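What follows is a short report on a single structure.
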Amino acid sequence: MDYVLAQVNIGRLTAPLDSPRIAGFAAALDSVNAVADAAPGFVWRLQTEDGNATAIRAFEQDSARMSTARRTSPCCGGGASGSSG
């Protein structure tokens, strides 16, 4: 039996997304998302036409960001690391 795991991440940016302070984070989004999309068991992730979820405002606080993803997992194990037990 397979399961589908839904994951929600909520974080707070320490500076605006276009700030030099977090430029490395912003620059890495596309490559990190590409790795996630190609991972075994990938089903879906929340994104806009831009290919990420940084423009989505789920909270009133402007610095808050949220990402959501779904992946399959084999029965009896297969957590985020892909190991079984």
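When we follow the working numbering, the leftmost residue of the sequence shown carries the number -16, and every step to the right adds one. The beta carbon of each residue, even a glycine, is placed where N, CA and C say it ideally should be. None of the values given here were measured: they were computed from a predicted structure.
Open item on the list: Considering only DSSP beta bridges, list what Ser50 is partnered with.
Closed with: Per DSSP, Asn(-8).
- [ ] Count the other CB atoms, across all protein chains shown, that sit within 10 Å of the CB of Ser14; report buried if there are 16 or more and exposed otherwise.
- [x] Ser14 comes out exposed.
Open item on the list: Rounded to the nearest angstrom, what separates Asp1 and Ala11 at their Cα positions?
Closed with: Cα-Cα distance, rounded: 13 Å.
Task: Spatial neighbours of Ala63 in its chain, beta-carbon cut-off 6 Å, leaving aside the 5 residues before and after - done: Confidence is the limiting factor: at Ala63 the pLDDT is only 47, short of 50, which leaves the residue's position unreliable and the question unanswerable from this model.
Task: Straight-line gap, Gly60 to Asp(-15) (C-alpha atoms, nearest Å) - done: Caution is warranted here: a pLDDT of 48 is assigned to Gly60, below 50, making its placement in the model unreliable, and the coordinate value is therefore given only provisionally. So the two alpha carbons sit approximately 10 Å from each other.
Open item on the list: I'd like the list of long-range same chain contacts for Asn16, defined as Cβ closer than 8 Å, with 5 residues on each side in sequence excluded.
Closed with: Hits under 8 Å: Arg28, Gln30, Gly34, Asn35.
Task: Phe25: first and last residue of the uninterrupted beta strand (DSSP E) it sits in - done: Note, Phe25: beta strand (DSSP E), 25 to 28.
Task: Neighbourhood of Ala9 by C-beta, 7 Å cutoff - its chain only, sequence neighbours within 5 removed - done: Counting only Cβ-Cβ distances below 7 Å, and skipping sequence neighbours, we find Leu0.
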